[in-house]
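Right, one structure below, let's go through it.
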Amino acid sequence: MTRTRDRLDLAKPAPLVDGFARKISYLRLSVTDRCDLRCTYCMPERMQFLPRKEVLSLEELYKLSLGFIERGVSKIRITGGEPLVRRDIIDLFQSLGRKLGDGLDELTLTTNGTQLSEHADALARAGVKRINISLDTLDRARFETLSRRDALPKVLEGIAAAKEAGLKVKLNTVAMKGVNEDELPDLIAWAHGQGHDLTLIEVMPLGEVDEDRVDHFLPLSDVRDRLAKRWTLTPSDKDSGGPARYDRVEETGGMLGMITPLTNNFCAGCNRIRVTATGQLYPCLGGGERVDLRAALRSDAPEANLVKALAEAMHIKPERHHFDISKRGAQPAQPRHMSVTGG
Ligand code: SAM
Ligand code: SF4
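Just add 1220 to wherever you are in the sequence shown, counting from 1, and you've got this note's numbering.
Set out below in structure tokens:
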């Protein structure tokens, strides 16, 4: 990627602070809405992907990121869709990696792991230190049912490659009633045995899928109660600055995180914003508020228009989300899928 014209010289860069005095320091940047899996809770089998011309170029993604770094964003997570299916994505990691220590403290990604065996070394060389990998089951047939692809061996290979490359791995598991509920202790024990922390996530009502998610909604408070009968869970003060709450599992020595957007509200300390692959800034995962950064970026006066757009984003970031998964057959809380907004 070229390094010319790469500075978005935003006039008098000031930190991004929203209307509730929350400083925004964490950008989750989706680089594609496409994916090589079709997890049933995430997207329908026949997912309509965006036309490629609507998606920001790698150059545009880089420029936008620089603009955010200048406004005080110190952590960037690359996500999707599946970020590693985007062609030449390693170029973006390399370019952003050069900002580490120069405004950027952390560059990371969330991946399904299928392409990781090819890219783990390059990611580590680019300066990535920690990585989130999604893993909902260790059973090959169940993985195929859940993701509609027979890809568990590739994912396990990817997890091993990440460890080999020296990346600190955290596994993310969506906990689902009647799907992987019975397997959660085994998954946690396996992850901790491999030296990886694991975070459980409640399924969220984002985008239409081919099933009713209420059937699979599993409150993590119940899961924690059950796990506490098997293991000693000691609440930890580890704070990721994010929505996860952590316990140390004394018997395994590993950390167990829980993200409970539906049974707990985690918005008060929210420091993050999300930008989709088409440059739409969503200040809240669970809200419809949106600002079009692509229009600003492609306008005649990109610098000035981006300053305006970011001011607007800070103004409209809501105080909290309003997820509700309790009603059978209800419309999703948001029509856009997690794969579009970036998980
Ligand atoms: N493809 C990558 C992956 O799977 O890790 C990155 C994007 S994916 C959208 C990010 C995370 O969102 C994954 O851990 C996935 O399990 C989670 N996810 C997707 N849809 C979800 C939903 N409706 N509720 C809760 N988590 C969801
Ligand atoms: Fe793809 Fe990740 Fe969604 Fe699964 S959760 S379909 S891997 S974007």
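No residue lacks a Cβ here, since even glycine has one placed at the ideal position from N, Cα and C. None of the values given here were measured: they were computed from a predicted structure.
Less than 6 Å between the CB of V1348 and some heavy atom of the ligand SAM, yes or no?
-> no
Smallest Cα separation from R1518: which of G1506, G1507 and Q1500?
-> Q1500
If you measure from the CB of C1490, is any heavy atom of the ligand SF4 nearer than 6 Å?
-> no
For S1367, name the three-state secondary structure that DSSP assigns.
-> helix
Is DSSP giving E1509 helix, strand or coil here?
-> coil
Roughly how many angstroms separate the alpha carbons of D1370 and D1359, rounded to a whole number?
-> 11 Å
Can you list, in chain order, every residue whose CB sits closer than 7 Å to a heavy atom of the ligand SF4?
-> C1255, L1257, R1258, C1259, C1262, M1263, G1300, G1301, E1302, N1332, S1354, S1367, M1558, S1559 and G1563
So does M1424 have its beta carbon nearer than 6 Å to some heavy atom of the ligand SAM?
-> yes
K1374: first and last residue of the uninterrupted alpha helix (DSSP H) it sits in = L1372 to E1384
In terms of residues, what are the limits of the alpha helix (DSSP H) holding M1475?
-> Where M1475 is concerned, there is no enclosing alpha helix (DSSP H), although the beta strand (DSSP E) it sits in stretches over M1475 to I1479.
Nearest to T1331 (by Cα), restricted to the options E1523, Q1268, T1393 and V1399 | T1393
Throw me the rounded Cβ distance for the L1513 and A1529 pair, which I believe falls under 8 Å.
-> 6 Å
Straight-line gap, C1262 to V1375 (C-alpha atoms, nearest Å) | 18 Å
Cβ-based neighbour list, G1301, same chain, cut-off 6 Å, excluding 5 preceding and 5 following | T1252, D1253, R1254, C1255 and S1559
How is I1351 classed by DSSP in three states: helix, strand or coil?
-> strand
Going by DSSP, what residues sit across from K1390 in a beta bridge?
-> N1352 and D1417
What distance in whole Å lies between the Cβ atoms of T1561 and T1496, which are believed to be in contact at a cut-off of 8 Å?
-> 6 Å
Do G1292 and G1317 have their CB atoms nearer than 7 Å?
-> no
So, do the region 1374-1388 and the region 1441-1457 have three or more beta carbon pairs nearer to each other than 8 Å?
-> no
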